[in-house]
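Student: I'd like to ask some things about the structure below.
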Ligand SMILES: C[S@@+](CC[C@H](N)C(=O)[O-])C[C@H]1O[C@@H](n2cnc3c(N)ncnc32)[C@H](O)[C@@H]1O
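Residue numbers (the working numbering): 3 to 285.
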């Protein structure tokens with residue numbers, strides 16, 4: 003299927019969908035995703051209306067008024083989807099997702115596992131760069147979290163220009179090896195974001211290819227230390243252990259720019275390790 007510009011878009015499992023999605027952006031960056039074809043909708047923060055009627059005669063780039071709000075119509079894309087996502091579990095944000103993706107070399111065609119999937123914060127960032135040839139396996143053992151993550155991923159698959167072959171396994175990370183092997187063989191990268199990452203490091207590191215990378219997202223130092231020990235015991239080499247610090251600046255009232263008043267909040271420690279070939283027997 004293609005739209006009037008001939009533009010085709012992603013869709014789960016490589017199917018094509020018509021890009022009916024747009025985002026309505028408030029000047030301060032808050033955004034609401036809207037499907038023109040959805041009929042009557044209730045959008046938290048905007049109210050209830052018929053999406054098709056509201057957008058009739060308007061295009062991307064126009065300003066539109068909804069209730070008391072004046073908004074700009076923009077393309078639906080990752081930044082807007084992230085701001086407007088359904089949330090349940092704590093999500094991995096831009097700062098850490100960007101670093102993980104770049105350090106681990108994740109891109110078009112990568113085979114990646116991420117779990118716990120939670121609300122799909124990290125998964126949305128991954129899907130954004132993996133292209134339709136990528137294979138993304140998400141793992142989540144709590145049904146109520148999986149449901150929220152799935153809603154965010156399914157919506158993104160409808161407007162993303164390309165979307166990876168995505169699988170959501172509703173099971174425990176310690177038991178996914180067989181399923182992963184069937185879906186994509188070995189993994190190029192695996193990212194573990196759960197309370198006790200070290201408990202699944204042996205199983206997950208075993209399905210990462212030699213030369214591939216495994217990361218643990220660790221909010222506390224205790225989690226970092228235990229995960230660090232576990233990846234070394236599994237024979238991996240730690241390439242990075244630490245945190246990414248973000249400091250925002252703002253415009254000062256009397257001119258000039260200076261560090262803003264927001265705290266340099268801690269998100270998590272990142273542990274990144276590479277899988278190398280086993281040492282040759284020295285005897
Ligand atoms: C902090 S959340 C993940 C957030 C997610 N990475 C994101 O960016 O939105 C942790 C998730 O791990 C899940 N979880 C915990 N232990 C797990 C396990 N052994 N197997 C699979 N999922 C697990 C939890 O249910 C929870 O949803």
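Beta carbons: idealized from backbone N, C-alpha and C, even for Gly.
#1: Nearest-angstrom Cα distance between residue 85 and residue 156?
#2: I want to know whether the segment 112-120 touches the segment 135-142 - three or more CB-CB distances under 8 angstroms.
#3: For residue 69, which residues of its own chain have a beta-carbon under 6 angstroms away from its beta-carbon, when the five flanking residues on both sides are left out?
#4: From what residue to what residue does the alpha helix (DSSP H) around residue 231 run?
#5: Return the first residue and the last residue of the beta strand (DSSP E) that residue 23 is part of.
#6: For residue 134 and residue 185, what's the separation of their Cα atoms in angstroms?
#7: At 4 residues or longer, and completely inside the segment 150-204: list those alpha helix (DSSP H) runs for me, N to C.
#8: Mapping DSSP to helix, strand and coil, what is residue 30?
#9: Who pairs with residue 251 in a beta bridge, going by DSSP?
#10: Any heavy atom of ligand 1 inside 8 angstroms of the beta-carbon of residue 70?
#11: Do residue 143 and ligand 1 come close, with the Cβ less than 8 angstroms from some heavy atom?
#12: Relative to the alpha-carbon of residue 192, which residue among 282, 108, 89 has its alpha-carbon at the smallest distance?
#13: Go through its chain and collect everything with a Cβ distance to residue 33's Cβ below 6 angstroms, but skip five positions before and after it.
#14: Can you tell me where the beta strand (DSSP E) holding residue 124 begins and where it ends?
#15: Mind checking residue 239: buried by the 16 CB within 10 Å criterion, or exposed?
#16: Just reading off the alpha helix (DSSP H) that residue 83 is part of, what are its end residues?
#17: Quick one: grab the DSSP three-state call for residue 98.
Tutor: Checking against the coordinates, here is how it stands:
#1: 16 angstroms
#2: By the C-beta criterion, the segment 112-120 is judged to be in contact with the segment 135-142, since at least 3 inter-stretch pairs fall below 8 angstroms.
#3: 49
#4: 223-235
#5: 23-27
#6: About 15 angstroms.
#7: Within the segment 150-204, the runs of alpha helix (DSSP H) at least 4 residues long that lie entirely inside it are, in chain order, 179-186.
#8: coil
#9: 261
#10: no
#11: yes
#12: For residue 192, the nearest C-alpha among the options comes from 108.
#13: Cβ neighbours of residue 33 beyond the five flanking positions: 25, 27, 82, 85, 86.
#14: That residue, residue 124, is in no beta strand (DSSP E); its alpha helix (DSSP H) goes 123-132.
#15: exposed
#16: 80-85
#17: Residue state for residue 98 is assigned as helix, using DSSP reduced to three classes.
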